[in-house]
Amino acid sequence: MNVSRMTRWGLGVLAALALPLINPNPYQLDVLTTSLLYALLALGLNLIVGLTGVLHLGYAAFFAIGAYTAGWLNIHWHVSFWFGLGPAALIAGLCGVGLGVPALRVRGDYLAIVTLGFGEIVRIAFTNLEQWTGGPNGLLGIEHPRLWIPGMGIVDFGVSSAPYYYLVCVITGLVAVLCVRLSRSRVGRAWIAIREDELAASCSGVPVLHLKLLAQGCGGAIAGVAGAIFAAKQGTITPDSFDVILSVMILSMVVLGGLGSIRGAIIGALILGTLPELLRGFEQYRMLVFGVAMIAVMRLRPQGLFGGFQRRISP
Amino acid sequence: MPSLLDIRGLTKRFGGVLAIEQVTLRIVQGETIGLIGPNGAGKTTLFNCVTGVLRADAGDIWFGREAKTSLLGLAPHQIVECGIARTFQNIRVFSSMSVVENVLMGTYARTHAGLFSAMVLSATARREERWTRDRAMGLLELVGLADHAEEMAGALPFGLQRRLEIARALASEPALLLLDEPAAGLNPVEKQGLLRVVQQLKSQGLTILLIEHDMHVVMPISERVVVLDYGKNIAEGSPEAIQRDPRVIEAYLGTSHM
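So the sequence lines, in the order shown, correspond to chains Z and S. With the working numbering applied, the first sequence corresponds to residues 1 to 315, in that order. With the working numbering applied, the second sequence corresponds to residues 1001 to 1258, in that order.
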């Protein structure tokens, strides 16, 4: 890493740290936290759709599985937020692999339908499995995270905005670094090769099905972590937080940023996460402006803001 | 001489059409064999069966030292691990990856870095990455693409993409290289360049099976030529003998040449 890049990174981290001190407006901080949580989800979906090129329309299901896992463990077994992160990631990741085994045998439009169906099945299952999930009322009374900070003692995150902002900053940043490393590794290259040309990839020695499952598992695990954070932040989770609109929103973030681009996934999420709030001045025309802006970007820059290649989603 | 590849009675049907029927082909270690035949003779289908892209309906494919490993039922990536690499008739480079990354992909079957070592940037993973990059650069040197290493593969001229495919195939350290019409669509200068590359591989002792239409490419480098027509073996022999064989002239070059 050269000096100018280090300076830029340093300034970025400093700006992120200082933001809540400069602007302590809890509403704005909350919007930013939610957008960063979307960015985490977009990073995970980017592994599946952006790098590997497998279309997935039910990604919110993994988010839900992570949230319910962490929430359930907290309520019934009093597992703290920090120890709930691992199981949430693990179970959501395993669900990713588990869904992949049957789903990856179908292609194209059919795969889109299967993943869409998976997302809906998970949501409806959480609504109906009342004895475990609390049904439509969801899981209530999930504890907020607590953390021992030197000099401050044990801090309960409670309902304030800044701690969650820092938490999501750290985790999203960490996952982004891991994603960059992955995408430049042997495994990441194989994912991209599958997206580019599945037949040529397999004839170059890549076990295609195995690597697609690996991508689904990693993407699922990242959504699981995001879900655990969401559950601890909200304190209450209900099935309707994880509907198909959320899956489509996250996909839009990845596509807007540019498929396969890690920077793009984060910026796409920040734009789509904050834009509806920034457009509140337009009152009832808000979503119209939002939609027109999306169409304009896709029309003028079909490869996305940071995408280096043309869209070619194929399973 | 022990054979490296031994194909016996291989048959592949597409619905009612017999794409290849009872094809037999034996390749000895270090040989270069030209596989010729008119369009639709089943040459590429044969390649696809050998590389696991298609599943043969009948017959056997044996490979390896003394041809003792059966390739039937193996997936393409497992066949690469066994030591067979191929190129494609219609070029299939990973176009949004750089040239050197394309070659790195070819090393997949011979490298080990997994998910975890990539995330923690382990010393072994970094060492492996350096080693494979050096190897990839060496292969690009061999095919004359070293100056283009960082360019996007999709932006390369057609002729260079063909060479890139060869470098990618070589990166898997194959014992047998299958080239599917490597000279198709190349201009005479590019053809000569390609011929030099193949000749060099041959002199290094690599076993090559080559599908080619252009006789000026097949004849100088092949020890033996195998001719397919309508999915069947119709002739086999030295390039000179094949050029004089009336069955071949009729099937391949057309009756007007007789």
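From the three backbone atoms N, C-alpha and C, an ideal C-beta is built for every residue, glycine too. Note that the structure is predicted; figures quoted are calculated from it, not measured.
Beta-carbon proximity list for residue i, same chain, < 6 Å, skipping 5 on both sides
i, result
"TYR59 of chain Z", "LEU45, SER247 and ILE250"
"LEU1018 of chain S", "GLY1231"
"TRP9 of chain Z", "none"
"CYS179 of chain Z", "LEU43 and ILE262"
"GLU1151 of chain S", "VAL1099"
"CYS169 of chain Z", "ALA16"
"VAL122 of chain Z", "ALA61 and ALA64"
"ALA112 of chain Z", "LEU55 and LEU57"
"LEU305 of chain Z", "GLY257, GLY258 and GLY264"
"GLY12 of chain Z", "none"
"GLU1236 of chain S", "VAL1226"
"SER1117 of chain S", "ALA1125"
"SER1238 of chain S", "none"
Member of the options whose CA lies at the smallest distance from the CA of residue i
i, options, result
"ILE91 of chain Z", "Z:ARG181, Z:ILE222, Z:GLY173 and Z:THR33", "Z:ILE222"
"GLY1015 of chain S", "S:ASP1057, S:VAL1053, S:GLN1029 and S:CYS1049", "S:ASP1057"
"SER161 of chain Z", "Z:PHE126, Z:PRO145, Z:ILE245 and Z:THR69", "Z:PRO145"
"ILE1020 of chain S", "S:ILE1027, S:LEU1164 and S:ILE1007", "S:ILE1007"
"MET1105 of chain S", "Z:ARG189, Z:ILE121 and Z:LEU214", "Z:ARG189"
"THR34 of chain Z", "Z:LEU213, Z:TYR166 and Z:ASP197", "Z:TYR166"
"LEU1195 of chain S", "S:ALA1171, S:GLU1165, S:ILE1221 and S:LEU1178", "S:ILE1221"
"VAL1120 of chain S", "Z:THR172, Z:THR133, Z:LEU147 and Z:SER185", "Z:SER185"
"GLY1040 of chain S", "S:ARG1247, S:VAL1227 and S:GLU1128", "S:VAL1227"
"VAL1113 of chain S", "Z:SER183, Z:GLY117 and Z:VAL177", "The sequence as given places Ala at residue 1113 of chain S; Val does not occur at that position. With distances taken between Cα atoms, ALA1113 of chain S lies closest to Z:SER183."
"PRO302 of chain Z", "Z:ILE267, Z:ALA293 and Z:LEU256", "Z:LEU256"
"VAL254 of chain Z", "Z:LEU272, Z:PRO239 and Z:ILE237", "Z:LEU272"
"GLN131 of chain Z", "Z:LEU147, Z:LEU300 and Z:HIS76", "Z:HIS76"
"LEU1005 of chain S", "S:LYS1012, S:ALA1118, S:PRO1038 and S:THR1051", "S:THR1051"
"LEU116 of chain Z", "Z:MET294, Z:LEU270 and Z:ASP243", "Z:ASP243"
"ILE1166 of chain S", "S:VAL1023, S:VAL1103, S:HIS1077 and S:ILE1027", "S:VAL1103"
"THR172 of chain Z", "Z:GLY224, Z:ALA201 and Z:PRO20", "Z:GLY224"
Same chain, Cβ closer than 7 Å to residue i, five either side skipped, listed in chain order
i, result
"GLU1031 of chain S", "THR1207, GLU1223 and ARG1224"
"GLY307 of chain Z", "GLY258, LEU259, GLY260, SER261 and GLY264"
"VAL114 of chain Z", "ALA103 and VAL106"
"PRO1174 of chain S", "GLY1083, ILE1084 and ALA1085"
Sequence-distant residues of the same chain with beta carbon closer than 8 Å to residue i, five excluded per side
i, result
"THR1044 of chain S", "GLN1089, ASP1180 and ILE1211"
"PRO276 of chain Z", "ARG286, MET287 and PHE290"
"VAL3 of chain Z", "none"
"PHE118 of chain Z", "GLY58, ALA61, LEU99 and ALA103"
Burial state of residue i, where buried means 16 or more other Cβ atoms lie within 10 Å
i, result
"ALA232 of chain Z", "buried"
"ILE245 of chain Z", "exposed"
"GLN1192 of chain S", "exposed"
"VAL101 of chain Z", "exposed"
"LYS1068 of chain S", "exposed"
"ASN128 of chain Z", "exposed"
"GLU1101 of chain S", "buried"
"ALA1241 of chain S", "exposed"
"SER1096 of chain S", "buried"
"ARG311 of chain Z", "Reliability of the predicted coordinates at ARG311 of chain Z is poor, the pLDDT of 42 falling under 50, and the value obtained from them is presented with this limitation in mind. When all chains shown are included, ARG311 of chain Z counts as exposed."
"ARG1162 of chain S", "buried"
"PHE126 of chain Z", "buried"
"SER204 of chain Z", "buried"
"ILE154 of chain Z", "exposed"
"THR133 of chain Z", "buried"
"HIS1257 of chain S", "Its pLDDT being 47, under 50, HIS1257 of chain S is placed unreliably in this model, and the value from its coordinates should be taken loosely. Under this definition HIS1257 of chain S is an exposed residue."
"GLY1073 of chain S", "exposed"
"ARG1135 of chain S", "buried"
"SER1172 of chain S", "buried"
"ASP240 of chain Z", "exposed"
"ASN1048 of chain S", "buried"
"SER1070 of chain S", "exposed"
Sheet register partners of residue i (DSSP bridge)
i, result
"LEU1177 of chain S", "S:ALA1085 and S:ILE1208"
"GLY1305 of chain S", "What the structure shows of chain S is the stretch from 1001 to 1258, and residue 1305 of chain S is not part of that stretch, so it cannot be assessed."
"MET1152 of chain S", "S:SER1098"
"ALA1058 of chain S", "S:THR1011"
"LYS1232 of chain S", "S:ASP1229"
"LEU319 of chain Z", "What the structure shows of chain Z is the stretch from 1 to 315, and residue 319 of chain Z is not part of that stretch, so it cannot be assessed."
"VAL1028 of chain S", "S:SER1003"
"VAL154 of chain Z", "The residue you asked about is not Val; residue 154 of chain Z is Ile in the sequence shown. Z:TRP148, per the DSSP bridge assignment."
"LEU139 of chain Z", "Z:ILE237"
"ILE121 of chain Z", "According to DSSP, ILE121 of chain Z bridges with nothing at all."
"GLY1017 of chain S", "For clarity, residue 1017 of chain S is Val in the given sequence; the question names Gly instead. Note: VAL1017 of chain S sits in a beta bridge opposite S:PHE1014."
"VAL1023 of chain S", "S:LEU1010"
The stretch 209-221 of chain Z / the stretch 49-64 of chain Z touching (three or more Cβ pairs under 8 Å): Touching, per the Cβ criterion.
At least three beta-carbon pairs within less than 8 Å, the stretch 225-242 of chain Z to the stretch 77-87 of chain Z: Output reads yes: the stretch 77-87 of chain Z touches the stretch 225-242 of chain Z.
Three CB pairs or more closer than 8 Å across the stretch 201-217 of chain Z and the stretch 25-34 of chain Z: Flag = no, the stretch 201-217 of chain Z and the stretch 25-34 of chain Z do not touch.
Selection of the stretch 1099-1123 of chain S by Cβ proximity to chain C, strictly under 9 Å: The displayed structure is made up of protein chains Z and S, and chain C is not among them.
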